[in-house]
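Scroll down for the structure; my scribbles are underneath it.
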Amino acid sequence: MAKTNDLPRPTDAELEILTVLWSRGPCTVRDVHSTISSRRPAHYTTVLKLMQIMAEKGLVKRDEKQRAHIYSASRPREWTQRQLAGDLLERAFAGSASSLLVGALAARKASAAELAELRKLLGEYEEEKR
Amino acid sequence: MTLESWLAAPLAHALGRALLHFLWEGAVLALSLRVVLFLGARRPARWRHQVAATCLIALPLAFGLTVALLLGPGPSIAVAVPPQAPRMVLHPVIAAGTSAAPVDRLAWLAPLWMGGVILFYAFRLAGWLRVDSMRRRGVCAAPAEWQQRLGALASAVQVSQPVVLLESCLARVPLVVGYWRPVILMPLGALTGLSAEQVEAILIHELAHIRRADYLVSLAQSLIEGLFFFHPAVWWISAVVRAEREYSCDDVVVTLRPDARAYAAALTTLEQSRWAALEAVPAATGGNLVKRIRRLLGEPSPARVTNARASALAGVLVLVAVVATALAVWPTSRGFAQGTSKADSAQATQDQASGREEAKLSLHELEQSLAGNEKEIEAAKEALDHAQQLLQKHAAELEKALQDAGAGDAQHEDQLRQAERALKELEEAQAGKSQELLQQQEQSLEQAEKQILDAERASEATQAGTSSQLLQQKRALERAQNQLQQLMKGKLEEMLSQQQRQMADADQALKQWQATNGTKQQAELQQQLEQARKQLERAAQSCCRSRDLLAEAPESPAPQTKTEPESAYQRWLKEDVAYIITDQERRAYQALETDPERERFIEQFWLRRDPTPGTAENEFKEEHYRRIAYANEHYASGIPGWKTDRGRIYIVYGPPDEIEDHSTDSTPRQDWLYVHIDGLGYAVEVQFSDPGRTGEFRMVGAPASHGSYWLIQSDVKAAYAARLLRDKGFPALAQSISGMSGHEQVLVGPYPDEAALAKAKAAIEAAGYHPTKVQ
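Quick note, the sequences are listed as chains L and P, same order. So for the first sequence, our numbering puts the first residue at 5; every next one is plus one. So for the second sequence, our numbering puts the first residue at 440; every next one is plus one.
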């Protein structure tokens, strides 16, 4: 069992399983498998084995109290996100990738002052309505 | 040499000049966009976006047109672009191929620019690959109900492509990736953290992006930015396109879901959630989101700020336009005189002209002096032609003399040298003259500069500051790019060497392990084999004895034994060990006559199975009875638990490594999974179902393994070895089954058929492992 403070970086396949666990909360291998296979074909046994490996590494926790073992991610997603984003290469390309992103919010994060202003605007609008 | 000749090519010259011209072209286009947007302030965002996008597309068109005009001769060039003259001057020199053809300094801009573009594109490509990988990496399908809602919304927004909704742990904001098979990525928690209406509003925004093909627009935008990375006006136009794009999508949302406040709140919430708990929020300002929210809530933006900013921008753009015009016209006309002038004069020209609008003001004076200059050059050119003719004549004479007689070489050579000297003198004189003229020009320029400086010191100071800031920024950018490249290179090398070290370590350890443990294991196996053989002999002996006894017995109480089916000894055979006794043992047991014999047989039966024969405990027997008790306790349903299918499997194979319980489904089902069963293989699955809902689950199909695996003995921790294998690109599954047999083993697979197995074997062996096949 790996020490909790130096968990290995999850591989892509492991990251997918972690994503399911973060999204759906603690669940069984069957649940994880059905979520994954709704997106792409995946063997149940493959998922099971991966999750057993992950339990061994300490990436997931296994609750063996019930007959169907319940798995949960051992770390919050922010922790893993930071772990992944900490890589230098990742950071270099993230900068270049950001201007290609298309979505509801800009690639650049808002500042503290801007967030405060946004909250103020919403508050004022609410008061006017009343 | 090749670079030199390339620089001398007309394309390099045309590119260099076109780049300079582009400085003012870009500025003029940006200015006109600013004016058009100002006039169309009340137009819908969609219209404004189209105008800005058109302006963006006009940039490469303008550049291409300039290059084409500079390359191909045409009557319009003389009017639009002055530098036609230098080409005329340069060409004969290049064509003549005499001494080193002087290379125009402007031509150097072309390779520098190309290098910049390539670097920029390389980074963008890496960025794009990363964005595209987000559609696969760290994602999971969104709950089906959201996928359905998205379908309904897509038809409302009139999106025709099928859109997939995924939750992503890498995306921190909602994103659209791809155009032909678009994917909407929602950050984890967004679907549950926002109200259903808010999620719908966000989805409409993303669908609007898909409908408008913004992903493609963004890629195209990136290409144009990369082409003109050096021009701030291009970046500004691009930013306008981005901002208007978001406004347009906001408009679509508000049209379909009029609750602008809820939408604004959703955007704010999402923005806030981007900051992971421990990250600090920087204090920089100037983002677009505040403007968007103001716009959504119908609040006027603070006009003062906008006006100040707009006028500042307009000022910068005017400055850039003027400077660029000066730059474009000045060095090209200078290139004219430069045809044969020395290198530092070109350097001086560039230094002089860099970022000074006064150049334009002194243009008038310059043109006058240039007119004189032109005449001088013309004269010099004539002299040069004359010298060339002389040289040719001399060369011809020399050749003739050589042909006539072998003697007199020295004389001819002298003549030739004289001719060359004359030519050189001529060139120097010409160069000197141009230098003189240049100095004159510079002086006049300096004078003009001083006048302007005196007159407009205040405003000029700020403008010069801005332009020098731009230069500084560009330099800083270049430095940063250099550093980044070095860092990346270093990091990659480090990773590579680390991996190599790890592989070497693993190999060494493997060899050691094989040397020590391999032989030990073999000895153990042989011992076990010996034991087994002895046991078998014993069993055969007792078997023979029982047969003899049976034969000897006359009319003994045989029927009596047969009418005792309920005896403890019969029950032992039919219940206790029914599933684990072998056929041979069963026959031998049934042949036994007396209870003491049966007693001895039972004792032997267990002893043969004892994993630790020397000790008092028989772990096998204990475990077996525990399994029976467990089966009776958990699987009884009208019939005793041990008699059910689940009970039988449990008793024979023990507790499964995994149970997936679906006993509450419409057709109750249970799937059991064993990592390994001796004789059956790895990853054995057993399925039970209870269609009649009687509580008794029946086995559906026999326990079966899924495909074949390659098994690799590992001397390092199996999970680590598996990881190394995965890093080497072996199929997703490589797993430790440590604890099964006490050894570290890695499974690679599953492979569905023989062909895949064989292919994998070759790859595994190539990686330095010795796989054995397991089913």
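Think of the CB as a built atom: it goes at the ideal place given N, C-alpha and C, for glycine as much as any other residue. Quick caveat: nothing in here was measured; it's all calculated off a predicted structure.
- The secondary-structure analysis by DSSP pairs residue 1117 of chain P with nothing; it has no beta-bridge partner.
- In this model, residue 1142 of chain P and residue 1017 of chain P are separated by some 19 Å (Cα to Cα).
- In the same chain as residue 1125 of chain P, and ignoring 5 residues on each side of it, the C-beta atoms closer than 6 Å to its own belong to 1088, 1111 and 1142, in chain order.
- Distance between residue 492 of chain P and residue 485 of chain P, taken at the CA atoms: about 10 Å.
- The C-alpha of residue 13 of chain L is placed about 20 Å away from the C-alpha of residue 1185 of chain P.
- The beta carbon of residue 577 of chain P sits closer than 7 Å to those of 607, 608 and 609, all from its chain and outside the five residues before and after it, given in chain order.
- With the criterion set as a beta carbon lying under 8 Å from some beta carbon of chain P, the members of the stretch 30 to 45 of chain L are 32, 33, 34, 39, 40, 42 and 43, in sequence order.
- Just measuring C-alpha positions, the residue of P:1121, P:555 and P:1118 sitting nearest residue 670 of chain P is P:555.
- Fully enclosed beta strand (DSSP E) runs of no fewer than 3 residues occupy 578 to 580 of the stretch 574 to 602 of chain P, in order along the chain.
- Look at the stretch 622 to 655 of chain P and you find these whole runs of beta strand (DSSP E), each 3 residues long or longer: 622 to 626.
- The count of Cβ pairs closer than 8 Å, one atom from the stretch 459 to 479 of chain P and one from the stretch 653 to 662 of chain P, stays below three, leaving the stretches out of contact.
- For residue 567 of chain P, the uninterrupted alpha helix (DSSP H) segment begins and ends at 548 to 572.
- Distance between residue 642 of chain P and residue 476 of chain P, taken at the CA atoms: about 29 Å.
- Taking 7 Å as the cut-off between beta carbons, the residues of the stretch 565 to 580 of chain P near chain L are 565, 566, 567, 569, 570, 576, 577, 578, 579 and 580, in sequence order.
- Residue-level contact check: residue 118 of chain L touches chain P, since one or more beta carbons of chain P fall below 8 Å from its beta carbon.
- Per DSSP, the continuous alpha helix (DSSP H) segment holding residue 444 of chain P begins and ends at 441 to 447.
- For the 8 Å CB-CB criterion, residue 604 of chain P and residue 619 of chain P do not form a contact.
- Taking the beta carbon of residue 732 of chain P as reference, the chain L residues within 8 Å of it are 122, 125 and 126, listed in sequence order.
- For residue 68 of chain L, not one C-beta of chain P is nearer than 8 Å to its own C-beta.
- A direct Cα-to-Cα measurement between residue 598 of chain P and residue 38 of chain L gives close to 28 Å.
- Under the DSSP definition of a beta bridge, residue 1147 of chain P partners with P:1190.
- The Cβ-Cβ distance between residue 1149 of chain P and residue 1203 of chain P falls below 8 Å.
- With the criterion set as a beta carbon lying under 8 Å from some beta carbon of chain L, the members of the stretch 632 to 649 of chain P are 641, 644, 645 and 648, in sequence order.
- Here the alpha carbons of residue 702 of chain P and residue 69 of chain L stand approximately 44 Å from one another.
- Residue 602 of chain P places its beta carbon less than 8 Å from that of residue 589 of chain P.
- Taking C-beta atoms as the reference points, residue 63 of chain L and residue 18 of chain L count as a pair closer than 8 Å.
- The beta carbon of residue 498 of chain P does not come within 8 Å of any beta carbon belonging to chain L, so the residue lies off that interface.
- Beta-bridge analysis with DSSP links residue 1127 of chain P to P:1109 and P:1138.
- Nearest neighbour of residue 646 of chain P by Cα position, chosen from L:107, L:132, L:125 and L:129, turns out to be L:107.
- By DSSP's assignment, residue 1060 of chain P forms no beta bridge with any residue.
- Under the Cβ criterion (8 Å, minimum of three pairs), the stretch 492 to 501 of chain P does not count as touching the stretch 692 to 702 of chain P.
- Taking 8 Å as the threshold, the shortest C-beta distance from residue 1050 of chain P to chain L does not fall below it.
- Residue 106 of chain L has a beta carbon lying within less than 8 Å of a beta carbon in chain P.
- The C-alpha of residue 1123 of chain P is placed about 57 Å away from the C-alpha of residue 727 of chain P.
- Of the residues L:43, L:46, L:127 and L:78, the one whose Cα lies closest to the Cα of residue 60 of chain L is L:78.
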